[in-house]
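Heads up, the thing below is written out as structure tokens.
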Amino acid sequence: MLALIIAHAAVGALVVGLGDRLGRRAFAVAAAPMAATLVWALARSGDVVDGDAVTESLTWVGGLDLAFDLRFDAFSLVMVLLVAGVGVLVCAWSPPYFSHDRPGTGRLAGLLALFAGSMLGLVVSDHLLALFVFWELTSVTSYLLIGNDDRNPVARAAARQAILVTGAGGLVLLAGFVLLGQAAGTYRISELAELGEVLALAGSTVDVAVVLVLVGAFTKSAQAPFGSWLPGAMVAPTPISTYLHSATMVKAGVYLVARLAPVLAPIGAWRLVVLTVGATTMVMGGWRALRQHDLKLMLAYGTVSQLGFMMVLFGAGEYPMTQAGVVLLLAHGAFKAALFMVVGIVDHELGTRDIQRIGRLGRGFTPVIVITVVGAASMAGVPPLLGFIAKEKALDAIEGAGFAGATGALVAVMAGSVLTFAYSARFALGATGRLAAPDAGHEAASAHTPSRWLVWPPMVLTVLTVAAGVAPVLVDDLVRAATTAIDAAASPSPVRLWVGVNTALVLSVLVIGAGVVLVLLRAGVERAQRSVGRVTGVLPSSQLVYEATVDGIARVAQRITSVVQHGSLPLYLAVVVMTAAVVPAVPFLRDLDELPVVNHTWVHAPLAALIVVCAVAAATARRRVSAVLLLGAVGYLMAGLYVAEGAPDLALTQFAVETLATVMFVLVLRVLPRGWADSRRAVTSPVRLGVSGAVAAAVFVFALVTTSARDDVSEPPVSEEMVERAAPDAKGNNVVNVILVDFRGLDTLGEITVLVVAAVGAVGLARASRRRAGEQPRTAGAGGADVGVHEGDEEVAV
Amino acid sequence: VKRLLVVDTSVRLLHHSILVLSLYFLLAGHNQPGGGFVGGLTAGAAVSLRFVAGGPEAVRTAFRFRPWTILGTGLAVSVATALVPLLAGNAVLEHDDVSVDLPVLGTVKATSALPFDIGVYLVVLGLALMIFEAFGEEPRLDEPAGDRPLTAPQPEEVP
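Taken in order, these protein sequences are the chains called R and B.
The first sequence begins at -9 in the numbering used here and counts up by one.
The second sequence begins at 185 in the numbering used here and counts up by one.
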């Protein structure tokens, strides 16, 4: 499994790196790891369905018990079949869809492979934190895929919204995982499953954790109120929408809920939250899907609705509902991907997705019409298709469930199913041109027959939908094994098309009947939706909440920045030095019991006197250059102090630094006025005197405390050990240098990195101010290389 | 740029001597006062002499490589030195040393700290060169420096 994940990453990185050089062949390369995964999964499926999970483990950070524990059981198999199977079909379908090589197509294919690898890792991870890593990787690749058309501002905004929502949810999820893992004492999902009773008694930590985990899952699976990013993500090319935003990624939240529900469902608010949110999402998504004119948006809201349905089924933690969820997962993966491809075909051939403009399709479209009708019928839950079995099982399971609120869930699911029937019919009629506005419809006339390469991938899915519906024995073993994999205590019933006349069948007939009524009265329904929309329009939609949040954060940040950074350099300086002086001085003053006796050679006295003289002269100098030179003198005299103390290395460094610093100061001073505007006030201003005095006092106290700090400590100082070990261990006699390059080499590495950053920043500043002066930035002499500094970013305040 | 014969000549003499001194600091630093940081600063001082004598153009001709190349090479050398021990299964920056017998000089001992220090030297030298590159251009002399406004210089026509 690890090898497969790595293969995805390697192939993905390779294809992204090659860019558009492969053209549309990139999809064939990207499909290779997915096909390998599919073959591997099918080869192992026999054992896995029999209950023997395949496990692998790679230690990541041993001390923290962090590991990539992979576990491939029957439920993972269901997900892997979706990820790899739909992935291969999407890769086969993409080249004819992108019938012209467009820039960015190669990158798209590579990102698809990277995404497939992340998703594969997600569904086989047995460790919560490893799962989280893959979870975030799917968010990131999804962001890149949505925003692949990076010149389109709409795509960029949609990508940003997707990553902000799923990323924020990811952080919440991580918090939930950590709380859960700490309370349970393990991060392994398979071990969590055995801890049901213990966790239930663990108290409020777990109560909070389950809600956090649910919020994370809801953002990923576009549940209310976090669902607004998914319809926006439809701006991505249709293969991406097919793969990520219907078949795989959005199921990650559902997958996680399914995995954890058997343990967590009885704890805290889990069941209440998941049922409420799932049911609400299902009904709202269906309602909105029914309102759309764009086929793709219709499917997007339909996906939101179906995800809500799955949340209800998996979240309850009752195995009959879980089993229905597994069937729905398979059914949805098959029909929704096929329908998305239909949208792609219609869009590709007719150039529109608006049901008012799609006319009657010609004879060449017969296979497409078949795919559409079968897919929509499966979505609507019409026998004898897999979707019907899923809904039948769901209604039966909810009706028989014993937990509080089951009746409410049943009503919501039935309402959602009626809406699903209605929008499925609307989709089928719209896509085949039965809902065209009277004056439109000419798009179909000019359409040429879709290429057979565009038709066969969705046709495969359609055949599977029909086959599994007519002969459910094909998926029976898999579904039952997956149910047992989720919930070891489950004893799932066989999957059958016809189970005799029972309540569920009656409910199904009711749903279909009500759906047919909605379809027949569709003009009335549209009017009703419009009037309801006028009422609910005053409520803030989740899209508005998202926009208001993002705008609000930006506005608050701007206001804080304008207060904190208003551009006065003296004030910045005062704040910085006062912080540096006051904050450490407080604990120092507490430590200072008695003044230490400072007693060194007599040379100190004249040097100190000279330093004081130069410092006072620097502070009162009329000209900037004089001040800088006097400061340099202070530095040289300090070096003299070091010499007197017997620290030649320090003195040498101080000397060299002082020399260079003075020269560089002068360089900058050339562009400044010679004198200060208020040289008199500089010395006498009480504020400046106060700040300077405070800094001086703080440095003085610091010096006193540090010289006396070791007086009452009996341990030998660290420096002694360093002196002792310098020659034998580091083969160097200069202890200062040995410390710099060996004992504390990592510090030095950090420091020179800071130097590099500072150098780049200084050049950027210089160029920015020169550019502002109206001069062309000089393209640096013979070398002519660009340092990569973004000019004009910094606000230069002098 | 106005050039002075005395300055020009003495800088020509001093520049290389100081560079050699800086190399001495670099190489001797592990046992005597010195090291990559001091060496780099000393080399920077040599550069500043070139600058005093001939302006930014003299600095540019003094080194074959551009400042950012030197800066980046230095950082790369240091990071590489820090990471190489990982390949041998040791800790980051783990120390190693070799002794070589050279004809005239006798036994020369080199430790893995030397390449690390060379990186530090190059970064500090590169930093100095970058600063001269960035701020070394003559301020426009057609208006006296003292009358210039405090904020960024005003746009003006270039003849």
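Heads up, the beta-carbon is just placed ideally off N, CA and C, and yes, glycines get one too.
C-alpha gap between residue i and residue j, whole angstroms
i         : j        : result
R:Ile742  : R:Ala756 : 21 Å
B:Lys186  : B:Ala212 : 38 Å
R:Gly390  : R:Val198 : 29 Å
R:Leu204  : R:Val507 : 36 Å
B:Gly273  : R:Val463 : 55 Å
R:Ala617  : B:Gly310 : 27 Å
R:Arg350  : R:Ala504 : 27 Å
B:Ser194  : R:Gly622 : 23 Å
R:Pro767  : R:Ala145 : In this prediction, R:Pro767 has a pLDDT of 44, which is less than 50 and means its spatial position is unreliable; nothing more can be read from the coordinates.
R:Val264  : R:Ala306 : 8 Å
R:Ala106  : R:Ser218 : 24 Å
R:Val525  : R:Leu280 : 17 Å
R:Ser368  : R:Val453 : 12 Å
R:Thr362  : R:Leu60  : 38 Å
R:Leu318  : R:Met300 : 7 Å
R:Ala21   : R:Ser129 : 20 Å
R:Val39   : R:Val162 : 34 Å
R:Leu5    : R:Leu127 : This sequence places Val at residue 5 of chain R; Leu is not what is there. Between R:Val5 and R:Leu127, the C-alpha separation is close to 17 Å.
R:Gly490  : R:Ala426 : 40 Å
R:Ala324  : R:Thr455 : 6 Å
R:Arg353  : R:Val267 : 44 Å
R:Pro638  : R:Leu730 : 15 Å
R:Ala(-3) : R:Ile153 : 25 Å
R:Thr790  : R:Arg734 : Examination of residue 790 of chain R is not possible in this model, given that chain R is present from -9 through 788 alone.
R:Arg517  : R:Lys326 : 28 Å
Own chain residues within Cβ distance below 7 Å of residue i, not counting five before or after
i        : result
B:Ala242 : Arg234 and Phe235
R:Pro447 : Leu79, Ala82, Trp83 and Met331
R:Glu765 : Residue confidence for R:Glu765 is low, a pLDDT of 49 falling below 50, so the modelled location carries little weight; the figure read from the coordinates is stated next. Contacts found: none.
R:Gly625 : Gln644 and Glu648
B:Leu225 : Val308
R:Gly392 : none
R:Asp477 : Pro252, Tyr309 and Thr312
R:Val294 : Ala212, Gly217, Leu220, Thr271 and Gly275
B:Phe221 : Val304 and Val308
B:Ala230 : His199, Ile202, Leu203 and Ser206
R:Ala717 : Asn723
Beta-bridge partners of residue i, as assigned by DSSP
i        : result
R:Gly665 : R:Arg613
B:Asp177 : Given that chain B is displayed from residue 185 to residue 343, the structure contains no residue 177 of chain B and the question cannot be resolved.
R:Val44  : R:Phe62
R:Arg178 : R:His117
R:Thr789 : This structure does not reach residue 789 of chain R, given that chain R is present from -9 up to 788, and the question cannot be answered.
R:Asp344 : R:Asp284
Cβ neighbours of residue i in the same chain (closer than 6 Å, five flanking residues each side left out)
i        : result
R:Asn727 : none
R:Leu170 : Ala199
B:Ser206 : Gly223, Thr226 and Ala227
B:Ala237 : Val191, Asp192 and Val195
R:Ala480 : Tyr309, Thr473 and Thr474
Cβ-heavy atom distance, residue i to the ligand NAD, below 7 Å
i        : result
R:Arg343 : Inclusion of the ligand NAD in the displayed structure is not the case, the ligand content being empty and no account of it being possible.
8 Å CB neighbourhood of residue i in its chain, flanking five on each side removed
i        : result
B:Gly320 : Phe235, Gly239, Pro240 and Val243
B:Val276 : Ala266, Leu267, Pro269 and Leu270
R:Ala269 : Gly298, Val302, Gly398, Ala399, Ala402, Val403 and Gly406
R:Val460 : Pro374 and Leu487
R:Asp37  : Val44
Supposed close pair residue i, residue j - CB separation, criterion 8 Å
i        : j        : result
R:Ile345 : R:Gly420 : 3 Å
R:Lys721 : B:Thr295 : 5 Å
R:Leu792 : R:Leu287 : Coverage of chain R is limited to positions -9 through 788, which leaves residue 792 of chain R absent and any answer about it impossible.
Are the segment 210 to 219 of chain R and the segment 238 to 257 of chain R in contact at 8 Å, needing three or more beta carbon pairs?
-> yes
Is the segment 372 to 385 of chain R touching the segment 486 to 499 of chain R, taking contact as three or more C-beta pairs under 8 Å?
-> yes
When you check each C-beta in the segment 721 to 738 of chain R against every C-beta of chain A, which residues fall closer than 9 Å?
-> No chain A appears in this structure, whose protein chains are R and B.
Are the segment 744 to 753 of chain R and the segment 254 to 264 of chain B in contact at 8 Å, needing three or more beta carbon pairs?
-> yes
Validate contact between the segment 22 to 39 of chain R and the segment 149 to 168 of chain R using beta carbons, cut 8 Å, 3 pairs = no
State whether the segment 47 to 62 of chain R contacts the segment 119 to 135 of chain R, with contact taken as three or more CB pairs (one from each stretch) at a distance under 8 Å.
-> yes
If we count Cβ pairs, one from each stretch, closer than 8 Å, do we get three or more for the segment 125 to 135 of chain R versus the segment 64 to 80 of chain R?
-> no
Pair every Cβ in the segment 4 to 18 of chain R with every Cβ in the segment 88 to 104 of chain R, then say whether three or more of these pairs are closer than 8 Å.
-> yes
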